[in-house]
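A quick write-up on the structure given underneath.
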Amino acid sequence: MLWTPPADVLERSRIGGYLHWLREHRGLDFADYDALWRWSTTDLDGFWRSIWDHFEVVAHTPPTATLAQRGMPGARWFPGATLNYAENVLRMPGRVDDDPVVIAHGQTRPPVTLTAGELREQVRRVSAGLRRLGVTAGDRVAAYAPNIGETYVLLLATASLGAVFSSCAPEFGTRSVTDRWQQIEPTVLVAVDGYRYGDKPVDRRAEVAAIRAALPSVRHTVSIGYLDPVGADGHNSASAPLGGASDRMKAEPDSALGWADLAAPTDEPLVFTPVPFDHPLYVLYSSGTTGLPKPIVHGHGGILLEHLKMLALHHDLGPADRFFWFTTTGWMMWNFLVSGPAVGATIVLFDGNPGVRAEPGWPAEPDLGGLWRLAAETGTTYFGTSAPFLLACRKAGLVPRDVADLSALRGVGSTGAPLPAEGFHWVYETVGDSVQLQSLSGGTDVCTGFVGGVPLLPVYAGEIACRALGAKVEARSADGTPVIGELGELVITEPMPSMPVGFWNDPDGTRYREAYFDVYPGVWRHGDWITINERGGCVITGRSDATLNRGGVRLGTAEFYSVVEGLDEVLDSVVVHLEDDEGGAGELLLFVVLAEGLELDDPMRAKICRELRTALSPRHVPDEIHQVRSVPRTLSAKKLEVPVKKILTGTPVDQAAAKGALANPESLTAFAALARRRVTDSTPA
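Residue numbers (the working numbering): 5 to 689.
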C-alpha cells in the first residue's frame with residue numbers, strides 16, 4: 005500500500021459530496037466504495053439518472069426514461085431528451101469570465117491562455133464561421149491539427165451546431181488520414197501548415213494538399229498558420245488570441261480561408277442546437293494498425309455523462325484544478341481531457357516532443373523533465389500521461405521533484421499500457437508521497453476508463469484500484485464463467501452510456517457486433533486480460549489477442565515487459581508467441597532494444613533468461629532473443645505485438661500494419677528481414 009485516503013476524504017472530495025447528495029435526495033446510504041459500485045452496476049436507471057440530476061445537465065427537453073432498452077448492443081439511453089455537449093462544457097461551473105480555463109503550451113509558438121469569456125467568444129465566432137460555410141447538423145468537420153486551442157475551439161463550435169467532429173494529429177501520414185476521413189466524408193477541413201517537434205520544423209503543407217485531393221466531399225479548407233503565422237507577431241490579441249494573422253497556406257492557392265476568416269468578428273449570438281441524447285458528437289478511430297480503422301461514433305449525451313462522472317467522481321476535478329494529460333489529437337485521451345471545463349477544471353494543453361528540451365536559440369537536447377516543469381509553471385494539480393512515459397523517466401534516473409516545484413500536484417494519472425509495480429514505486433519515491441497515483445484502463449471504444457482510481461480507495465503497487473462506477477467489468481474464464489483472483493477475459497456485462505452509438509457506415513450494426521459481441525452474445529468483450537482480486541483491485545496483463553500461450557498456460561505480456569525492461573541494459577522490448585500448427589509448444593520470441601553502444605551477446609541473453617526464469621517462471625524464458633533498433637508502436641505509444649506476429653508468420657508488411665498509423669514504421673523492416681531468414685533457414689538444401 006503506497007497511499008491511503010485522508011481521514012476527511014468524504015468532506016474534501018467530490019465523490020464525498022455525491023454520496024451526501026444521494027443520502028439527501030435519494031435516501032441512499034453506502035458503507036463503502038464496493039457497495040456504491042454494486043448499486044451503480046445493478047440499478048442502472050437509478051445510478052445514471054443520479055449523475056444527470058447531481059450534475060444538473062442542461063437539457064432542452066427532458067428524457068421520458070433513463071434506460072428504455074437494456075440489451076447490448078442497442079441499449080437506448082435517455083429517450084426523448086435533447087441537449088448539446090458544447091453547451092454543457094461551456095457552462096464551466098464555478099468559473100467566471102476572467103478565469104483562465106485553457107492554458108496551451110508547445111514548441112511551435114509562445115504560450116496561449118484563454119479565459120472562460122475568451123473561450124466562449126472564440127466558440128461563438130467559429131460557430132458563426134462554420135454556419136457561413138453551410139455547416140449544419142450532421143455534417144462532418146475534420147481537423148488535421150495538434151493539441152492547441154484552435155482544435156478545441158473547433159470541436160466545441162462544431163458540436164454547438166450538431167455537426168460531427170473528427171481529428172487526426174498532424175504527425176499522421178496522408179494514407180492514415182485518408183483511410184479515416186474517406187469513411188466519414190467531411191465537408192470542411194481545418195489544417196495546420198506544420199508544427200515544430202523539439203527544434204525540428206515539420207512542414208505539412210504537401211500532406212494537407214494530398215489529403216484535400218483525396219477527399220472530394222470537402223467544400224472548404226481552412227488553414228491555421230501554426231508553423232509559419234504569416235504576418236503574425238506571435239502574441240495574443242484581445243480580439244483573436246488564436247491563429248496567425250494571415251493563415252494563408254502557400255501550397256494551396258485555391259484555399260480561400262484562414263483561421264482569422266473563420267473566427268472573424270460577428271454579431272451572431274452563440275446558439276446551441278438541441279440534439280437527441282445519442283446524436284453523433286465525434287468519430288474516433290481504432291488504431292488502424294491492420295485494415296481500415298474502425299470509425300467509432302460517440303454521442304453527445306453518453307460522452308457528457310461519462311466524462312462528468314469520471315472527471316469529477318474518480319479524478320476529483322473541479323473549479324480549483326488545472327488538469328493536464330499528455331496526448332495528441334489522435335488519441336481518445338485528448339477527447340477525455342478537453343471535457344475538463346464541464347466540471348469546472350482548467351485544462352492544460354501541450355504540443356511537442358516531451359523528451360526534448362527545445363528553447364529559442366539553443367540546440368535541442370534530450371530531456372524528460374520538460375512536462376514536469378510545465379506542470380510546475382502552469383500550477384497543474386492533476387498530471388496525466390502514459391505508462392511508457394513514466395517508465396522512460398524512471399529508466400533515465402529522473403527525479404521530477406528535483407527539477408520542478410510539484411507542490412500543487414495532488415494526482416498523477418497513467419494509461420496507454422499497464423503500469424507495473426516499479427512504476428508505482430518510482431512515482432511515490434520521486435514525484436511525491438502524497439499524490440494519488442491512478443492507473444486506468446479503458447479505450448477509444450468507450451472514450452473513458454472503465455477501471456481506474458477513486459479518492460475513497462488506497463493505492464497498491466502495480467494495481468488499478470477499482471472498477472469505475474457504472475462499469476460492470478468482470479473477468480471471464482475460458483468457459484465464460486466469471487472468476488475472481490484468476491486471469492480472465494475483460495468483459496462488460498451491462499451497458500454504459502458512452503458505448504458507441506455505432507460505427508459510421510454500418511447501418512445494420514454488423515461491424516459493431518463483430519468488434520465486441522462475437523464471443524459472448526450480449527456481453528462486451530474488450531480484448532484485454534484482467535485479474536480482479538477479492539478487494540476489487542484490477543491488474544491488466546496485456547491484449548488477449550497477443551497472448552503468450554506456453555504449454556496451455558496463458559502469460560500476459562505486461563509482466564514480461566516489466567522484468568525485461570527493468571534491466572538497465574534494455575530500453576524497450578516486444579515479445580510474441582508463434583503457435584505450432586501441430587499442437588506443440590510453439591516459439592516464444594523476444595526482441596530487445598539495448599542502450600546505446602551495447603550489442604546483444606550470449607552473456608546478455610543468459611542474463612535476460614535468468615531474470616525471466618527467476619522473476620516469473622521457466623515458461624517465460626524465450627526460445628530466441630533478437631536485438632532490434634526500435635519496437636513498432638502506434639502514434640499513441642502502444643506496442644504492436646499482433647502485427648509483429650503476423651509479419652513473422654509470413655504476412656507482408658503492408659498487409660500486417662498500416663504504416664501511417666505507426667510512430668516508427670521503419671521499425672517493421674527488421675521483423676520482415678527476420679521472417680525471410682527464418683524461411684530460408686528452414687528450407688531444405
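Ideal placement from N, C-alpha and C gives every residue a C-beta, glycine not left out.
**Asked** Hey, how far is the Cα of Ser164 from the Cα of Val222?
**Response** Locating residue 164 in the sequence shown gives position 160, where the first residue counts as 1. Locating residue 222 in the sequence shown gives position 218, where the first residue counts as 1. So the alpha carbons of these two residues sit roughly 20 Å apart.
**Prompt:** So which of Leu461, His630, Ala469 has the shortest CA-CA distance to Val455?
**Reply:** As a working note, residue 455 is residue 451 in the sequence shown. Measuring from the Cα of Val455, the nearest candidate turns out to be Ala469.
**Request:** Determine the burial state of Ile55: buried for a count of at least 16 other Cβ atoms within 10 Å of its Cβ, exposed for fewer.
**Result:** Translated into positions along the sequence shown, residue 55 becomes position 51. Taking a 10 Å sphere around the C-beta of Ile55, we find 16 or more other C-beta atoms and assign the residue as buried.
**Message:** If I follow the unbroken alpha helix (DSSP H) through Pro299, where does it start and stop?
**Reply:** Translated into positions along the sequence shown, residue 299 becomes position 295. Taken as a continuous stretch (DSSP letters only), Pro299 belongs to no alpha helix (DSSP H), being part of the beta strand (DSSP E) at 299–303.
**Message:** In whole angstroms, give me the CA-to-CA distance for Val650 and Pro280.
**Reply:** Taking the sequence shown and counting its residues from 1, the one referred to as residue 650 is at position 646. Taking the sequence shown and counting its residues from 1, the one referred to as residue 280 is at position 276. In the sequence on display, residue 650 carries Lys and not Val. Cα to Cα, the separation comes out at about 42 Å.
**Message:** Which residue marks the beginning of the alpha helix (DSSP H) containing Pro318, and which one marks its end?
**Reply:** On the sequence shown, position 314 is the one that residue 318 refers to. The question names Pro, but residue 318 is His in the sequence shown. In the DSSP assignment, His318 falls outside any alpha helix (DSSP H), carrying neither H nor E.
**Request:** In the DSSP assignment, find the alpha helix (DSSP H) that holds Asp605 and state where it starts and stops.
**Result:** Locating residue 605 in the sequence shown gives position 601, where the first residue counts as 1. Going by DSSP, Asp605 is part of no alpha helix (DSSP H) at all; its letter is neither H nor E.
**Message:** Nearest by alpha-carbon distance to Gly20: which of Leu461, Gly78, Glu518 is it?
**Reply:** As a first step, residue 20 must be located in the sequence shown, where it is residue number 16. For the residues Leu461, Gly78, Glu518, the minimum Cα distance to Gly20 belongs to Leu461.
**Residues that Pro690 bridges to, as DSSP identifies them** = Lying outside 5 to 689, the shown extent of the chain, residue 690 is not represented and no answer is given.
**Item:** Glu684 classed as buried or exposed, judged by whether at least 16 other C-beta atoms fall within 10 angstroms
**Value:** By one-based count along the sequence shown, residue 684 stands at place 680. With the sequence shown as reference, residue 684 is identified as Thr, and Glu is not the correct amino acid for it. Exposed, by the Cβ-count rule.
**Item:** Beta-carbon proximity of Pro392 to Val543, cut-off 9 Å
**Value:** To locate residue 392, count along the sequence shown from 1; it is residue 388. To locate residue 543, count along the sequence shown from 1; it is residue 539. Between Pro392 and Val543, the gap from beta carbon to beta carbon reaches 9 Å or more.
**Item:** Residues of its chain near Ile629, where Cβ-Cβ distance is below 7 Å and the 5 sequence neighbours each way are ignored
**Value:** In the sequence shown, residue 629 corresponds to position 625, counting from 1. Once the five neighbours on either side are set aside, the close Cβ partners of Ile629 are Leu594, Val596, Leu604, Arg609, Ile612.
**Asked** Is Gln440 buried or exposed, if buried means 16 or more other CB atoms sit within 10 Å of its CB?
**Response** Position 436 of the sequence shown, counted from the first residue, corresponds to residue 440. Around the beta carbon of Gln440, 16 or more other beta carbons lie within 10 angstroms, which makes this residue buried.
**Collapsed DSSP secondary structure at Ala244 in the structure displayed** = Start at 1 with the first residue of the sequence shown, and residue 244 comes out as number 240. At Ala244 the pLDDT is 44, less than 50, meaning the model places this residue with poor confidence and gives no usable figure here.
**Prompt:** Any idea what DSSP makes of Asp532, helix, strand or coil?
**Reply:** In the sequence shown, counting from the first residue as 1, residue 532 sits at position 528. In the structure shown, Asp532 adopts extended strand secondary structure according to DSSP, grouped into three states.
**Request:** Identify the continuous beta strand (DSSP E) that holds Ser227 and give its terminal residues.
**Result:** As a position in the sequence shown, residue 227 is number 223, starting the count at 1. Boundaries of the beta strand (DSSP E) around Ser227: 224–228.
**Request:** Buried or exposed for Asp197, please, with buried defined as at least 16 other CB atoms from any protein chain shown within 10 angstroms of its CB.
**Result:** Position 193 of the sequence shown, counted from the start, is the residue given in the question as residue 197. Its Cβ being crowded by 16 or more others within 10 Å, Asp197 is buried.
**Message:** Using DSSP's beta-bridge definition, name the partner residues of Ile152.
**Reply:** On the sequence shown, position 148 is the one that residue 152 refers to. BP columns for Ile152 are empty, so no partner.
**Message:** Does Cys397 come out as helix, strand or coil in the three-state DSSP assignment?
**Reply:** Residue numbering aside, residue 397 sits at position 393 when the sequence shown is read from its first letter. Here Cys397 sits in helix by DSSP.
**Rounded separation between Thr635 and Asp576 - CA only** = Counting from 1 along the sequence shown, the entry for residue 635 is found at position 631. Counting from 1 along the sequence shown, the entry for residue 576 is found at position 572. In the sequence on display, residue 635 carries Val and not Thr. Between Val635 and Asp576, the C-alpha separation is close to 7 Å.
**Request:** Rounded to whole angstroms, what's the CA-CA distance from Asp237 to Pro114? Just pull it up for me.
**Result:** Here the question's residue 237 lines up with position 233 in the sequence shown. Here the question's residue 114 lines up with position 110 in the sequence shown. In this prediction, Asp237 has a pLDDT of 35, which is less than 50 and means its spatial position is unreliable; what the coordinates show is noted afterwards. One C-alpha to the other measures close to 10 Å.
**Message:** Does the segment 484–495 come into contact with the segment 30–47, if we say contact requires no fewer than three beta-carbon pairs (one atom in each stretch) closer than 8 Å?
**Reply:** With a cut-off of 8 Å on Cβ pairs, the segment 484–495 is not in contact with the segment 30–47, counting fewer than three such pairs.
**Message:** Quick check: the Cα distance between Asp704 and Leu23, rounded to an integer number of angstroms?
**Reply:** Lying outside 5 to 689, the shown extent of the chain, residue 704 is not represented and no answer is given.
**Asked** So, using beta-carbon positions, are His64 and Asn92 closer together than 9 Å?
**Response** The residue given as residue 64 occupies position 60 in the sequence shown. The residue given as residue 92 occupies position 88 in the sequence shown. With contacts defined by Cβ atoms closer than 9 Å, His64 and Asn92 do not form a contacting pair.
**Message:** If I follow the unbroken alpha helix (DSSP H) through Phe330, where does it start and stop?
**Reply:** Locating residue 330 in the sequence shown gives position 326, counting from the first residue. It is not in any alpha helix (DSSP H) - Phe330 carries neither H nor E in the DSSP assignment.
**Asked** Quick one, are the C-beta atoms of Leu159 and Ala146 less than 9 Å apart?
**Response** The count along the sequence shown starts at 1 and reaches residue 159 at position 155. The count along the sequence shown starts at 1 and reaches residue 146 at position 142. Going by beta carbons, Leu159 and Ala146 fall outside the 9 Å limit.
**Item:** Assigned secondary structure, Lys663 (DSSP; H/G/I helix, E/B strand, else coil)
**Value:** Position 659 of the sequence shown holds residue 663. Looking at Lys663 - three-state DSSP - the assignment turns out to be helix.
**Prompt:** Can you tell me where the alpha helix (DSSP H) with Thr382 in it begins and where it stops?
**Reply:** Mapped onto the sequence shown, residue 382 falls at position 378. First-last of the alpha helix (DSSP H) with Thr382: 374–382.
**Request:** Please report how far the alpha carbon of Asp101 lies from the alpha carbon of Phe354, in whole angstroms.
**Result:** Here residue 101 is taken as the residue at index 97 of the sequence shown, counted from 1. Here residue 354 is taken as the residue at index 350 of the sequence shown, counted from 1. Cα to Cα, Asp101 sits roughly 23 Å from Phe354.
**Item:** For Thr45 and Lys476, believed in contact at Cβ under 8 Å, the rounded distance
**Value:** Position 472 of the sequence shown, counted from the first residue, corresponds to residue 476. Position 41 of the sequence shown, counted from the first residue, corresponds to residue 45. 4 Å between Cβ atoms; contact.
**Message:** Can you tell me where the beta strand (DSSP E) holding Ser171 begins and where it ends?
**Reply:** Stepping through the sequence shown from its first residue, residue 171 is reached at position 167. Counting along the chain, the beta strand (DSSP E) containing Ser171 begins and ends at 168–172.
**Message:** Taking DSSP's pairing of strands, which residues face Lys611 in a bridge?
**Reply:** Here the question's residue 611 lines up with position 607 in the sequence shown. None; Lys611 has no bridge partner.
**Message:** Could you compute how far the alpha carbon of Pro299 sits from the alpha carbon of Gly601?
**Reply:** As a first step, residue 299 is located in the sequence shown; it is residue number 295 there, counting from the start. As a first step, residue 601 is located in the sequence shown; it is residue number 597 there, counting from the start. Approximately 43 Å between the Cα atoms of the pair.
**Prompt:** By DSSP, does Val683 sit in helix, in strand, or in coil?
**Reply:** In the sequence shown, residue 683 corresponds to position 679, counting from 1. In this structure, Val683 counts as helix in the three-state DSSP scheme.
**Cβ pair Arg326, Thr350 closer than 9 Å** = Here residue 326 corresponds to residue number 322 of the sequence shown, with the count starting at 1. Here residue 350 corresponds to residue number 346 of the sequence shown, with the count starting at 1. At the C-beta level, Arg326 and Thr350 come within 9 Å of one another.
**Asked** What residue range is occupied by the uninterrupted beta strand (DSSP E) comprising Arg200?
**Response** By one-based count along the sequence shown, residue 200 stands at place 196. That run of the beta strand (DSSP E) goes 198–201.
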